[in-house]
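Visitor: Under the working numbering, residues 12 to 215 are what the sequence shown spells out, in order.
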Amino acid sequence: MILPPGRILLTTRCSPPSWLPHPLPTTPLRPFASRRTASLPNTTTPPSDDDVTEARRWLSTFDSKSIPRHLCEISFSRSGGPGGQNVNKVNSKATLKISLHGLLPLLPPLLHGPLRSSRYFAERSESLVIQSQESRKQTSNVDACYDKLYQLLRTTADDAIPGETSQAQKDRVAKLKKAENETRLKTKKFLSSKKASRRGRSDE
C-alpha cells in the first residue's frame with residue numbers, strides 16, 4: 012500500500028510484555044498552558060521576556076526523566092531490512108507515540124511550533140511518532156525510542172530558546188553602539204558645517 016507523503020503507517024498495537032521495565036519515576040513538570048491553548052496553532056508573536064526566562068528555567072532542569080512515560084504509547088511490529096534470522100519473524104520493532112495534547116502543556120510555548128514542524132510529527136493523530144528497529148530486542152528498541160524523544164525535545168529547545176547574553180557580549184554591544192553614535196554625530200556635524208559654508212558663499 013502506498014501512503015501519501017507525510018503519513019506514517021502504524022501497525023496493530025499490542026500490550027507491552029510483562030518483562031518490560033516499569034516506568035521510571037519522572038520529574039514533575041508544571042504545566043505551561045491549558046490543553047486548549049496548547050492545541051492551538053503556533054503564532055508568530057515574538058516571545059515575551061517572561062516566556063524566555065521561564066523557558067530557560069525549564070531547560071536547566073530538563074532531563075530524560077522529565078518525560079512522563081504514562082503519556083507514551085508503545086507498540087511493536089516486525090522489523091524490516093537485512094539482519095539476522097529473527098528479522099521479519101518477531102515483533103522487535105518498537106514504535107513510540109505521544110499525543111501533543113498531553114505533551115505541549117508541559118513544555119514552554121517556544122517549543123510548540125518547532126515540534127509541529129518536526130519530521131516526527133503526525134498531523135492526522137496530532138502526535139509525535141518515533142520508531143526504532145536497530146536491535147533484535149524489544150527492550151533495547153523501546154529505550155532507543157525514549158532516547159530519540161529526549162534528544163528531539165532537547166535539540167528543539169536548544170534551537171528555540173535564546174541563550175543568555177554574557178557580560179562580555181553586553182560590553183561589546185555597548186561599545187559598538189557607542190562607536191556607531193559617535194560616527195553618526197561626526198557625520199551630522201560635518202554635513203551641517205558643509206551646508207553652513209555653502210550658505211555663506213551664497214550670501215556673498
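All C-beta atoms in this analysis are idealised placements derived from N, C-alpha and C, irrespective of residue type, glycine included. The model shown is predicted, which means the values in this text are computed figures rather than measured ones.
With a 10 Å radius around its C-beta and 16 neighbouring C-beta atoms as the bar for buried, classify Q142 as buried or exposed.
Guide: Under this definition Q142 is a buried residue.
Visitor: For A133 and D61, I'd like the C-alpha separation in whole angstroms.
Guide: Cα to Cα, the separation comes out at about 30 Å.
Visitor: Taking 8 Å as the limit between beta carbons, can you name the residues of its chain near E145, skipping five residues before and five after?
Guide: Here the set comprises S151, N152, A155.
Visitor: Rounded to a whole number of angstroms, what is the C-alpha to C-alpha distance between R209 and G124?
Guide: Each residue's alpha carbon lies about 58 Å from the other.
Visitor: Can the beta-carbon of P119 be found less than 8 Å from the beta-carbon of E65?
Guide: Cβ atoms of P119 and E65: closer than 8 Å.
Visitor: Terminal residues of the continuous alpha helix (DSSP H) containing Q162?
Guide: Taken as a continuous stretch (DSSP letters only), the alpha helix (DSSP H) holding Q162 covers 149–171.
Visitor: Note down, one range per segment and in chain order, each alpha helix (DSSP H) of at least 4 residues found wholly within the region 63–129.
Guide: Fully enclosed alpha helix (DSSP H) runs of 4 or longer: 111–114, 123–127.
Visitor: If you reduce the DSSP assignment to three classes, tell me which class S136 lands in.
Guide: Note: S136 maps to coil in three-state DSSP.
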